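Asks: Heads up, the sequence shown stops at 355 in our numbering, and the numbers go up one at a time, no gaps.
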Amino acid sequence: MARVKYSDKLFERLLKGVETGNVDIVDRTAIILDNYEFMRFGVGKTSDILKIIRAFSGEESMYVWKLLIDRIYEVTDIFHGSNAVISHLLPKILARPISNLSRKLEQIKDRSDYKYFERMKKKIIKLLWLSLDQNILENARSDYEKFMSDIYVDTKDIEIGSTILSIGVSRKKLEGFDAVSRILLDANVSNKKKEMAKSSLGFMCDKDSIEATSRFALSDKIKSEDGMDVLISLASNFCSKGYIKDEVIKNIESLKKIKTLGKLEKFLKIYIANFNYTHEAIGAVNFLDNHGITIKERNFREIISSVHDKATHLNRDSENVKKYLSEILEK
C-alpha cells in the first residue's frame, strides 16, 4: 500500500485539525498508519508518533483507538528504560490519551470492539499504571486492601484482577512483597488467591523489592515453575528492566539449578531482549554460556535480530525523542 510523506507544515496543520475535530476518520487513520510505517523504516521520526499521540488525546472513534493503542505500547516498550530523561517524561505524554481511552472502554457497545479491547486490557492497564492514572491507582489501592482482608471476593477475570492488584502491591514496595509472599506460603489460602498473589509480584518496580522478589522466586520456598512465572512477569514489566539484569548475574547459580527448562528459556529470552544494544545482548548470552546455560541457536538469532532492530531505532531517534519531550513537557 502506498504511503504519503507529509511536509512538516502539512503534518502540523493536520494535527491541529485532529485536535479541533476537523479531520475525518479516513484521514485520521492515514495519519497514524503512514507515519508509523515511516518510523518503522527509518524515514520518519518517533517524535512524530508522539505528536500524533498528543494530538489524538481526545479521540472518540474506537476504530482509531484500535490503530493507536498497540503502537503506543510498542513505542513505550522500546523507549521506556532506555534513558532516564525519556523514562521520566514519556509517561506524562501518555497520561491524557490513555485516561481518555480508559473512560471510553466503559461505554463500548460494539461486540467486535469489546472483544478487541478485552484482549488489550492488560496492556492498557500497564500504560495507565505507568502514566500514574489516578483512577487505576485508586482501584489498585482498594483491591490491595480487600485482598489483604477477609472481605475480598475473588474476581471473575483473574488476569485483569491480578494486574490491577499488582499495581497496589508494587506501590507498597517491600511491605507489599512481604504481605504477598506470606499469602503464597499459607497452606490455608485458596488456590485462586495464591494464583493472584503469585501474579501480583510481577509488577515490582523498586530495586529492593525486585531483589527480594527475585530471591524468593528462586528459593525452595515455592515451586520452581511458580518462581519462574514470577520472574517472567518481572522481566516483562516496564520499570524492572535495568534491575532484572543485575538479578540474573547475582542469582546465576540458582538459575543453573532450574529444572523447568521451558519457562527458564522464556524468561531468558525476555531478559536478553530487554538489552538496548546488540553488544550488551551478546555479552549476556556469553555470560550465560560461560555458566553452563546455553541459548538455542535459533532463539539466539531471533533475539539478537530483535535487539539489533531496537538498537538501530534508539540510535536513530533517542536524542530527537528526548528533545521533543523536554520541549513539550518542561516549558
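No residue lacks a Cβ here, since even glycine has one placed at the ideal position from N, Cα and C. On a predicted model such as this, the values are computed, not experimentally measured, just so you know.
Please work out which residues of its chain come closer than 8 Å, Cβ to Cβ, to residue 134, disregarding the five sequence neighbours upstream and downstream, and give them in chain order.
Replies: 86
Asks: Buried or exposed, going by whether 16 or more other CB atoms sit within 10 Å of the CB of residue 49?
Replies: exposed
Asks: How would you label residue 343, buried or exposed, when you count the other beta carbons within 10 angstroms and need 16 or more for buried?
Replies: Residue 343 counts as exposed, since fewer than 16 other beta carbons sit within 10 angstroms of its beta carbon.
Asks: Could you give the DSSP three-state label for residue 210: helix, strand or coil?
Replies: coil
Asks: First and last residue of the alpha helix (DSSP H) that includes residue 228?
Replies: No alpha helix (DSSP H) holds residue 228; DSSP gives it neither H nor E.
Asks: Thinking C-alpha only, which one of 183, 292, 269 and 119 is nearest residue 154?
Replies: 119
Asks: Can you tell me the Cβ-Cβ gap for residue 96 and residue 151, rounded? I've got them flagged as a contact below 8 Å.
Replies: 7 Å
Asks: Using a Cβ-Cβ cut-off of 8 Å (strictly less than) and excluding sequence neighbours within five positions of residue 156, which residues of its own chain qualify?
Replies: 115 and 119
Asks: Compute the distance between the beta-carbons of residue 5 and residue 338, then report whether it is under 8 Å.
Replies: Within the shown structure, residues of the chain are numbered from 25 to 355, placing residue 5 beyond reach of any answer.
Asks: Could you tell me the boundaries of the alpha helix (DSSP H) in which residue 105 lies?
Replies: Segment: none, residue 105 is in no alpha helix (DSSP H) and carries neither H nor E.
Asks: Does residue 79 pass the burial test, meaning 16 or more other C-beta atoms within 10 Å, or should it be called exposed?
Replies: buried
Asks: Out of curiosity, what's the CA-to-CA distance linking residue 127 and residue 347?
Replies: Taking the straight line joining both Cα atoms gives about 30 Å.
Asks: Within the segment 77-124, note down every full alpha helix (DSSP H) run reaching 4 residues or more, in order along the chain.
Replies: Runs found: 86-103.
Asks: Taking the alpha carbon of residue 255 as the point to measure from, which residue in 314, 340, 223 and 307 has its own alpha carbon closest?
Replies: Out of 314, 340, 223 and 307, 223 has the C-alpha closest to the C-alpha of residue 255.
Asks: Tell me which residue opens and which closes the alpha helix (DSSP H) that residue 155 is part of.
Replies: Element bounds for residue 155: n/a, residue is neither H nor E.
Asks: Would you please state the rounded distance, in angstroms, between the beta carbons of residue 357 and residue 268? I believe it to be under 8 Å.
Replies: As displayed, the chain neither begins before 25 nor continues past 355, which places residue 357 out of reach and without an answer.
Asks: Taking Cβ positions, are residue 185 and residue 220 nearer each other than 8 Å?
Replies: yes
Asks: Could you tell me the boundaries of the alpha helix (DSSP H) in which residue 256 lies?
Replies: Counting along the chain, residue 256 sits inside the alpha helix (DSSP H) bounded by residues 248-260.
Asks: Measure the C-alpha to C-alpha separation of residue 149 and residue 105 and round it to an integer number of angstroms.
Replies: 18 Å
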